[in-house]
Amino acid sequence: MPNMSLEKVKMPEQEADVRNKNFKEVALGYTLEQAQEEATRCLNCRHKPCMNGCPVGVPIPEFIQHVAKGDIEAAYQTIKRENALPAICGRVCPQENQCEGKCVRAIKGEAVGIGRLERFVADYHMALNKEEKVEIEKNHHKVAIVGSGPAGITCAGELAKRGYDVTVFEALHETGGVLVYGIPEFRLPKALVAKEVDNVKKLGVHVETNVIVGRSITIDELKEEGYEAIFVGSGAGLPRFMGIPGENLNGVYAANEFLTRVNLMKAYQFPEHPTPVKISEKVAVIGGGNVAMDAARTAKRLGAKEVYIVYRRGEEELPARKEEIHHAKEEGIIFKLLNNPIAIHGEDGWVKSMECVEMTLGEPDASGRRRPVEKEGSEFLLEVGTVIEAIGQSPNPLIRQTTPGLETQKWGGIIVEEETMATSKDGVYAGGDVVTGAATVILAMGAGKNAAKAIDEALNKQ
Ligand SMILES: Cc1cc2nc3c(=O)[nH]c(=O)nc-3n(C[C@H](O)[C@H](O)[C@H](O)COP(=O)(O)OP(=O)(O)OC[C@H]3O[C@@H](n4cnc5c(N)ncnc54)[C@H](O)[C@@H]3O)c2cc1C
């Protein structure tokens with residue numbers, strides 16, 4: 091008999107008042123007993139709607155049935171067939187819009203905790219520390235991957251499994267992309283990302299860090315060096331700004347820079363690490379996505395007393411994962427919804443306050459969301475000393491500027507064929523945020539996987 095409880099088994103987590111002062115992981119993960127109890131909530135539907143919501147096609151009911159029976163290794167191997175980074179996806183995928191959004195248990199009550207179970211299975215397997223032997227017959231075709239984020243790493247792993255000689259070129263000194271320099275430690279421990287990347291390296295993937303493609307070497311030069319196919323997964327690392335007066339004041343950060351300094355360069359250990367960020371007592375974060383939540387919760391952990399999320403739409407429209415919004419509220423982040431910044435004011439070159447205007451929601455715009463409209467005469471000042479802008483990113487122009495024949499959208503995204511991820515340039519494929527603009531880990535992984543399949547088909551034909 092399935093467990094008909096309407097609610098998910100609760101995930102143990104650090105107390106809000108404790109965790110908002112440290113960088114340790116917030117959610118602590120299920121025990122085996124809790125995982126098994128949650129797994130028995132799955133009805134093992136014959137038509138598997140949850141799988142339609144998974145961009146990489148994890149056999150969800152199959153792995154959950156293994157968990158219910160306590161065969162966690164079988165569950166792990168089932169997930170691993172389709173998903174190279176399960177410990178990461180279990181933690182950061184927007185499950186409510188994907189697998190769990192399609193779960194029939196969500197019609198009346200909460201969906202099965204698919205993400206929590208995936209995380210449990212991956213962590214359980216990792217804790218066993220099993221040496222996995224991989225023997226792959228090489229096919230002697232050379233492929234280059236640009237960028238070591240989820241798109242690049244997935245594409246690399248899929249090709250290595252098929253026998254390709256794969257080299258990943260990464261601009262930074264660390265591998266993992268946004269998983270390392272964007273998403274904070276308290277949501278995604280870096281040691282865990284390193285382990286998942288290591289698993290891909292064990293397939294024989296070679297990684298060269300500190301190589302900026304477009305500067306250290308171009309795409310055409312990679313071709314000349316004998317790479318028969320190139321996958322570009324260089325992400326969307328160029329921050330957008332509001333374009334309002336006062337953005338050049340000291341104390342204004344792009345969320346990207348702020349989070350990179352904290353995550354990758356350990357700004358919170360200044361002066362041991364020479365990359366300070368200055369946080370004032372009151373901080374405003376502009377935006378309502380995952381990046382905004384991460385920046386706000388990081389600012390709180392760095393000692394800010396009051397942290398505001400300033401977002402021009404309402405609660406319903408907040409694009410961040412539901413869990414992040416919930417955690418941010420618990421940690422004391424103040425949500426100023428239906429408010430839009432119009433100027434930042436300073437004193438002696440530093441931020442002193444942010445001028446905002448109240449908004450209402452009008453008719454739906456092109457995105458289908460109701461358009462925010464300013465309320466006349468509702469301007470007010472928010473006293474803050476730090477402003478962090480988290481309103482979106484676009485791809486860095488370097489690769490498109492140095493790759494003749496590579497067609498891109500006006501906003502910079504590389505144009506690809508939907509199924510194969512092939513670009514306008516022969517032998518060059520692309521996927522992830524560099525194609526879609528800032529999106530999600532699992533979509534980037536799906537793109538990497540599709541590109542690997544297409545590259546394999548193309549090179550096998552030759
Ligand atoms: C703060 C933050 C929080 C997020 N939270 C979530 C979340 O909770 N859930 C979720 O699903 N998604 C989340 N996202 C989005 C998600 O992380 C991205 O959609 C995903 O990482 C995109 O993967 P990617 O491989 O396309 O690019 P990236 O992860 O950006 O990786 C691109 C890599 O390419 C490298 N690179 C760039 N240019 C070059 C070059 N010229 N030469 C060589 N290397 C280069 C970069 O250094 C980087 O390592 C978040 C993003 C941010 C910034």
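In the numbering used here, the protein residues as written are 91 to 552. Ideal Cβ placement from N, Cα and C applies to all residues, glycine included.
Residue pairing by DSSP leaves Arg490 without any beta bridge partner. The segment 306-313 makes no contact with the segment 215-230; the number of CB pairs closer than 8 Å stays below 3. Restricting attention to Gln167, Pro145, Asn346, the CA atom closest to the CA of Gln155 is found in Gln167. Annotation: Cys446 is outside any alpha helix (DSSP H); the continuous beta strand (DSSP E) that includes it extends over 440-454.
Of the heavy atoms belonging to ligand 1, at least one sits nearer than 7 Å to the Cβ of Gly242. Assignment of Gln124 by DSSP, reduced to helix, strand and coil, places it in the helix class. Each residue's CA atom was taken as its position, placing His296 and Cys183 some 27 Å apart.
Here Glu464 is bridged, per DSSP, to Met449. Boundaries of the beta strand (DSSP E) harbouring Asp255: 255-259, taken from the DSSP string. Residues of the same chain with a CB within less than 7 Å of the CB of Gly502, apart from the 5 flanking positions on each side, are Ser484, Pro485, Pro487, Arg490 in chain order. Residue state for Thr308 is assigned as coil, using DSSP reduced to three classes.
Relative to ligand 1, the beta carbon of Asn486 is positioned inside 7 Å of a heavy atom. Within 7 Å of the C-beta of Ser238 there is at least one heavy atom belonging to ligand 1.
A Cβ-Cβ contact shorter than 8 Å links Gly180 with Gly205.
The C-beta of Ile162 has 16 or more other C-beta atoms within 10 Å across all chains shown, which makes the residue buried. Excluding its 5 nearest sequence neighbours in each direction, Phe360 has C-beta neighbours in its own chain below 6 Å: Pro366, listed in chain order. Contact between Leu175 and Glu286 holds, since their C-beta atoms are separated by about 5 Å, short of 8 Å. Taking 8 Å as the cut-off, the Cβ atoms of Ala201 and Glu190 count as close. In terms of Cβ geometry, Ile423 and Lys372 do not form a close pair [threshold 8 Å].
Taken from the Cβ of Asn380, at least one heavy atom of ligand 1 lies inside 7 Å.
Between Ile434 and Gly333, the beta carbon gap of about 12 Å keeps them out of contact (Cβ cut-off 8 Å). No heavy atom of ligand 1 is found nearer than 7 Å to the CB of Arg206. In the three-state reduction of the DSSP assignment, Ile423 falls in the coil class. In terms of Cβ geometry, Thr257 and Ala234 form a close pair [threshold 8 Å]. Taking the Cβ of Thr450 as the reference point, every heavy atom of ligand 1 lies at 7 Å or farther away. Nearest in C-alpha terms to Gly266, of all of Pro462, Lys442, Arg109, Gly325, is Gly325. Pairwise C-beta distances place the segment 271-279 out of contact with the segment 460-479, as fewer than three of them are shorter than 8 Å. The Cβ-Cβ distance between Val116 and Gly203 does not fall below 8 Å. At a threshold of 7 Å, Phe259 counts as near ligand 1, since its beta carbon sits closer than that to one of the ligand's heavy atoms.
Under the three-state reduction of DSSP, Leu282 is assigned to helix. The alpha-carbon separation between Cys245 and Asn300 amounts to approximately 20 Å. The beta carbons of Tyr271 and Asn353 sit closer together than 8 Å. For Lys515, same chain residues with a beta-carbon under 6 Å away, outside a window of 5 residues either side, are Gly495, Leu496 in chain order.
Using a 10 angstroms sphere on the CB of Arg252, the tally of other CB atoms reaches 16 or more, which defines it as buried. In the structure shown, the three-state DSSP call for Glu405 is helix. Taking C-beta atoms under 8 Å as the contact rule, Met511 and Gly521 qualify, at a distance of about 5 Å.
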